[in-house]
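Sequential numbering of the sequence shown, starting at 1, is according to the working numbering. C-beta: ideal position from N, C-alpha, C; glycine also. Structure first, commentary second.
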Amino acid sequence: MKTLKLTAAKAISAAAEELFAPATLSVEEVVEMLEYPPDGSMGDLALPCFKLSRTLRRAPAQIAEALAAAVKDPAFSSVECVGGYLNFKKDAAAFSARIVNTVLAEGDRYGAPDLGKGKTVVLDYSSPNVAKPFHIGHLGTTVIGHSLKLLHEFAGYKCIGINHLGDWGTQFGKLIVAYKKWGNREEIEAGEIDALVALYVRFHAEAEADPTLNDEARAAFTKLEQHDEESLALWRWFIELSLREYNKTYRMLGIDFDSYNGESFYTDKMPRQIEKIREAGLLEIDDGASVVNLEKWNMPPCLILKRDGSTLYPTRDIAAAVYRKETYDFEKCIYVTSAGQCLHFAQWFKVLELMGYPWYEGLVHVPYGTVSIGGAKLATRTGNVILLKDLFAQAIEKVGSIMKEKGAETADNEATAEAVGVGAIVFYYLSNNRMRDINFLMEDALSFDGNTGPYAQYTYARACSLLEKAGEGSGKSVAPIPMCAEESELARVLSLFPERVEAAIEEYEPSFITRYILDLCAAFNRFYHECKILSAENATERENRLAFTRATKTVLGRALSLICMKTPEKI
Ligand code: ARG
1 MKTLKLTAAK
11 AISAAAEELF
21 APATLSVEEV
31 VEMLEYPPDG
41 SMGDLALPCF
51 KLSRTLRRAP
61 AQIAEALAAA
71 VKDPAFSSVE
81 CVGGYLNFKK
91 DAAAFSARIV
101 NTVLAEGDRY
111 GAPDLGKGKT
121 VVLDYSSPNV
131 AKPFHIGHLG
141 TTVIGHSLKL
151 LHEFAGYKCI
161 GINHLGDWGT
171 QFGKLIVAYK
181 KWGNREEIEA
191 GEIDALVALY
201 VRFHAEAEAD
211 PTLNDEARAA
221 FTKLEQHDEE
231 SLALWRWFIE
241 LSLREYNKTY
251 RMLGIDFDSY
261 NGESFYTDKM
271 PRQIEKIREA
281 GLLEIDDGAS
291 VVNLEKWNMP
301 PCLILKRDGS
311 TLYPTRDIAA
321 AVYRKETYDF
331 EKCIYVTSAG
341 QCLHFAQWFK
351 VLELMGYPWY
361 EGLVHVPYGT
371 VSIGGAKLAT
381 RTGNVILLKD
391 LFAQAIEKVG
401 SIMKEKGAET
411 ADNEATAEAV
421 GVGAIVFYYL
431 SNNRMRDINF
441 LMEDALSFDG
451 NTGPYAQYTY
461 ARACSLLEKA
471 GEGSGKSVAP
481 IPMCAEESEL
491 ARVLSLFPER
501 VEAAIEEYEP
511 SFITRYILDL
521 CAAFNRFYHE
531 CKILSAENAT
541 ERENRLAFTR
551 ATKTVLGRAL
561 SLICMKTPEK
571 I
């Protein structure tokens, strides 16, 4: 719904037909070429005519001049030629009224792209490794993944969120050995995942001195693989303890998964795929291991079976993809992981293609950059980890004390502090393009003044409070009376929401929404400071401004919720 661009493109295309026949300019082509000038004083929309010069065999300025004289549409108050550009100024009042009224009429559905009807998208995200710390490195997969799910849902897709838990592998042999030697049920129940991580760390320390522990661990894992009841019970318990912790974090973020089928779920689904790889003549033996050679595609071989016949991470992903296709018949299956796994995904995507599954094209890997804190890179091995729960707890506590300082009085301070504290971290994280490496600065994330989550949520609460003061029935529509610059600017930003949503989906980039939120907050706050709202000159103006406020509340609330942020009405 690129309202403004589409309106201009239609007028341009019609004019071009008269002016430049037999050459033509299609509406779609023009929509692609139209640009929003960086500075409003140059107009609201511009068509750079330079690229047209070859097809139309005229100088860019000549093209712009001819079009300026011929293009007519009541939506635009002026169409001018400046250099090689055709600049459009919209009729502010008519246009703004149309946008705000559209938002008010469509409400929560405003901006929803019509992309996904009847289609299913599977999203594989968060997916931590059981009994290992859930740390700041998982923030990316968790919030990018969930935002992408919300965005796709908004676009009408049926979405299946899968937490592909790392719940299988030799680490469980180690844990079982460690637990039997040094563990204590009550202590571990009480300590939850921290106690498990401690056991794991102790195992590694002791195995340094006594390498036979590793043999014991291998034997314990084999027993687990053979479905020994006692081992299975311990394994289930480890998963349950870990999930207990993950769920605390997920609850704060409002995340719920449709499936927690982790790696273990695919154990009995691998042989069929391995057979298929073999039948396709793809399997080679390399130093005892079975691999698929990918030299032709400039990649190292994809490992399918270890020397001892045990399966690997790619093997499980291949089986999982086939299972998901058969179960959900997805159009796309999206995997969100750190950029460190790019090669892994490229390799096994290629193997699926070579196996002859045509739907490999629907597999999408969405990578993201690293996170450091105060400049220090995080490493699980050296113990330099920041747990997500600690990060959230710290943010919530700080926000709580800032709110107290500011004398905030909300009905539910604790819930508000949680929404704002957690939201601050999410917003800060999603402010950058996902591939960028981020250095996390708590101070910056929590500031109420900068371009932060608290600032955005505060702006939302401001709109809510205005509407509450004005009363339920107010601000239901806009009349196209002359409007001030702040109003037109706010309407312009509101009109951009649909295309930002589409772009975010197309590029798998929730940060487009974060940046949109900042644009909208800036426009609304300028409007709020420059225009009298509750005390407007007359009833029509007051009603109009309240309608602008209501439309902002709707779009801002929707945008925040699309990036996993809660929207308290009072802060
Ligand atoms: N558990 C993995 C990790 O922590 C991420 C899993 C991603 N999903 C997948 N299907 N490979 O690195």
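Taken through DSSP and simplified to helix, strand or coil, Ala94 comes out as helix.
Rounded to whole angstroms, the separation of the alpha carbons of Val130 and Leu243 is 8 Å. For Asp167, the shortest C-beta to heavy atom distance toward the ligand ARG is 6 Å or greater. Taking the C-beta atoms as reference points, Gln394 is found no nearer than 7 Å to Gly423.
A direct Cα-Cα distance of roughly 6 Å separates Asn433 from Ser511. In the three-state reduction of the DSSP assignment, Lys181 falls in the helix class.
Taking C-beta atoms under 8 Å as the contact rule, Leu562 and Leu150 qualify, at a distance of about 5 Å. With respect to the C-alpha of Ala93, the residue from Ile239, Cys484, Ala559 and Gly475 having the closest C-alpha is Cys484. Per DSSP, the continuous beta strand (DSSP E) segment holding Leu303 begins and ends at Cys302 to Leu305.
In chain order, Ala195 place their CB closer than 8 Å to the CB of Glu187, counting only its own chain and leaving out the 5 sequence neighbours on each side. Not one heavy atom of the ligand ARG sits closer than 6 Å to the Cβ of His135. Under the 8 Å Cβ criterion, the stretch 358-366 does not count as touching the stretch 167-186, having fewer than three qualifying pairs. Taking the Cβ atoms as the reference, Val27 lies roughly 5 Å from Ala9, within the contact range of under 8 Å.
For secondary structure counted as the beta strand (DSSP E) over 3 or more consecutive residues, the stretch 322-376 holds these complete runs in sequence order: 332-338, 363-368 and 371-373. With a threshold of 6 Å, the Cβ atom of Asn129 counts as near the ligand ARG, since some heavy atom of the ligand is closer than that. Per the coordinates, the alpha-carbon of Phe20 lies some 10 Å from the alpha-carbon of Ala66.
Judged by their CB atoms, Phe330 and Thr120 are nearer to each other than the 7 Å cut-off. Cβ contact annotation for Gln273 (same chain, cutoff 7 Å, sequence separation greater than five): Ile318, Ala319 and Val322, in chain order. Remark: the C-beta of His146 is outside contact range of the ligand ARG, defined as less than 6 Å to any heavy atom. Rounded to whole angstroms, the separation of the alpha carbons of Gly191 and Leu175 is 15 Å. Counting along the chain, the unbroken alpha helix (DSSP H) around Leu490 starts and ends at Ala485 to Glu506. Around the beta carbon of Gly407, fewer than 16 other beta carbons lie within 10 angstroms, which makes this residue exposed. Membership of Gly161 in the beta strand (DSSP E) is indicated by the continuous run Lys158 to Ile162. Judged by pairs of C-beta atoms under 8 Å, the stretch 298-311 touches the stretch 343-351, as three or more such pairs exist.
Between the alpha carbons of Ala339 and Val71 lies a distance of about 48 Å. Using a 10 angstroms sphere on the CB of Thr459, the tally of other CB atoms reaches 16 or more, which defines it as buried.
It is roughly 20 Å from the alpha-carbon of Pro314 to the alpha-carbon of Lys132. Scanning its chain for C-beta atoms nearer than 8 Å, with the 5 sequence neighbours on each side dropped, one finds around Val143 the residues Leu253, Val426, Tyr429, Leu430, Pro510, Ile563 and Cys564, in chain order. Secondary structure in the stretch 234-307: the alpha helix (DSSP H) runs of 4 residues or longer, each lying completely within the stretch, are 270-279 in chain order. Straight through space, the alpha carbons of Asp444 and Leu387 are spaced by roughly 19 Å.
The closest heavy atom of the ligand ARG lies 6 Å or more from the beta carbon of Asp519. For Glu80, no alpha helix (DSSP H) encloses it; the enclosing beta strand (DSSP E) starts and ends at Phe76 to Val82. The stretch 78-94 and the stretch 54-64 touch, with three or more beta-carbon pairs separated by less than 8 Å. The criterion of a C-beta distance shorter than 7 Å is satisfied by Asn163 and Tyr260.
When distances are taken from the beta-carbon of Thr7 to the heavy atoms of the ligand ARG, even the shortest one reaches 6 Å or more. Taking a contact as a CB-CB distance under 8 Å, the pair Lys306 and Ala289 counts as one, their CB atoms being some 6 Å apart.
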